[in-house]
Amino acid sequence: MQIGNVVRILVVAMVLVVGALGPVGAADQHHLSAIPFVFIGKADDCGAGTFGSHIVTSAWLGGMGLPDSGGDTALNGVLDTANDPHHGLLLSKNGPSTDCSSAGARITGVQGLSVDATFTLGFDYRNGGHCGAGAPRFNVVAKPATGPNTSHFVGGCANGVQTAAPQDPAQWTRARFTPAQQFPSIPPGSRIVSITLIYDEGTDTASDQDLNGVGLAVVDNIFINGQFIRTGTGVADGASGEAGRGNGDNDD
């Protein structure tokens with residue numbers, strides 16, 4: 164075999180290996196999705212004398228969010244943006260926060276995701292909706308290198324680092340939750356067991372942009388440590404038989 168052919172073969176092999184490895188951290192890339200759910204508690208599920216009502220909704224809806232393609236919201240005569248479905252995740256609780264009910268989305272594909280010292284979660288939210296200290300937030304269960312699983316309250320929305328959302332900086336805000344917004348902090352070296360986006364603050368809970376207690380939020384671009392969930396499908400409202408129970412995602 165000629166030397167030139169050997170060199171070409173080696174170059175091709177190196178390209179294939181590099182392509183298989185991808186960018187740094189690609190081995191930890193997961194195919195993620197956000198599946199809507201609602202939790203409507205039975206008697207005493209959230210403590211003695213509590214119960215849940217059919218007042219919660221979680222739904223991916225077209226026209227509700229930012230462009231799924233990642234472009235900005237200015238149409239500018241660009242058909243790709245004009246025709247984009249603009250899916251957004253509506254989270255609503257149409258009643259008091261004390262009601263044993265919540266809306267949310269289970270983040271699938273995260274099991275086994277590694278946690279480092281900069282592990283970050285987040286989302287973009289539409290201005291004018293609810294952004295409270297408790298919701299929307301992430302509930303995270305992690306498996307440390309040693310010992311039992313640990314549970315973590317990440318957020319809520321108002322506790323995050325807030326910047327203008329790049330796709331529509333005038334109407335949307337980006338929230339990021341670093342280890343400083345994890346309660347308690349997730350130990351580096353842990354592996355993720357589950358991540359759930361939770362909305363459980365109702366119409367009696369105000370926030371800076373929601374002085375009257377609107378009881379709903381619209382989120383998009385759910386961010387899981389470097390990966391975005393920009394779209395999804397599904398409607399959960401309890402009445403359609405999609406209410407979750409016994410899932411650990413209640414208000415407690």
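Quick note on my numbering: the sequence shown kicks off at 164 and runs consecutively.
Just so it is clear, CB atoms sit at the ideal spot from N, CA and C, and this is done for glycine as well.
- [ ] Determine, using beta carbons only, whether T336 and D287 come nearer to each other than 8 angstroms.
- [x] yes
Task: Which listed residue (I198, T283, V324) has its alpha carbon closest to that of A268 - done: I198
TODO: Give the range of the beta strand (DSSP E) segment to which I337 is assigned.
DONE: Residue 337 is actually Arg in this sequence, not Ile. 335–340 is the extent of the beta strand (DSSP E) around R337.
Open item on the list: Tell me the rounded alpha-carbon separation between G228 and H249.
Closed with: 5 angstroms
Open item on the list: In whole angstroms, give me the CA-to-CA distance for G212 and I361.
Closed with: 22 angstroms
Open item on the list: I need the straight-line Cα distance from P332 to T326, nearest angstrom please.
Closed with: 8 angstroms
- [ ] Could you say which of I387, V381, G365, D373 lies nearest to N257 if we only look at CA atoms?
- [x] G365
Task: Segment limits, beta strand (DSSP E) that includes D208 - done: Taken as a continuous stretch (DSSP letters only), D208 belongs to no beta strand (DSSP E), as it is neither H nor E.
Task: Residue range of the beta strand (DSSP E) that includes A222 - done: 219–224
TODO: Kindly examine the ligand PLP and report whether one of its heavy atoms sits closer than 7 angstroms to the Cβ of A197.
DONE: In the structure shown, the ligand PLP is absent, as is every other ligand, since no ligand is present at all.
TODO: Find out if the Cβ-Cβ distance for the pair Q330, D235 is shorter than 8 angstroms.
DONE: yes
Open item on the list: Between which two residues does the beta strand (DSSP E) holding Q325 run?
Closed with: 324–327
Open item on the list: Determine whether the beta carbon atoms of F282 and F316 lie at a separation below 8 angstroms.
Closed with: no
Task: Same chain only: Cβ atoms within 6 angstroms of P259, ignoring 5 sequence neighbours per side - done: G365, D367
Task: Residue of L284, T313, V377, V304 minimising C-alpha distance to N322 - done: L284
Task: Simplified DSSP assignment, three categories, for Q390 - done: strand
Open item on the list: Quick test of the definition: if touching needs 3 or more C-beta pairs under 8 angstroms, does the segment 194–208 touch the segment 384–397?
Closed with: yes
Task: Straight-line Cα distance separating V356 from L379 - done: 28 angstroms
- [ ] With 8 angstroms as the threshold, decide whether the Cβ of R393 is near any Cβ in chain D.
- [x] Among the protein chains of the structure shown there is no chain D, as only one such chain exists.
Open item on the list: For T220 and L252, which I take to be in contact (beta-carbon distance under 8 angstroms), what is that distance rounded to the nearest angstrom?
Closed with: Actually they are not in contact, since the Cβ atoms of T220 and L252 sit about 11 angstroms apart, beyond 8 angstroms.
Open item on the list: Between the alpha carbons of V382 and A308, how many angstroms are there, rounded?
Closed with: 32 angstroms
Open item on the list: Looking only at its chain, what residues have a beta carbon closer than 7 angstroms to the beta carbon of V398, apart from the 5 residues adjacent to it on each side?
Closed with: P199, A222
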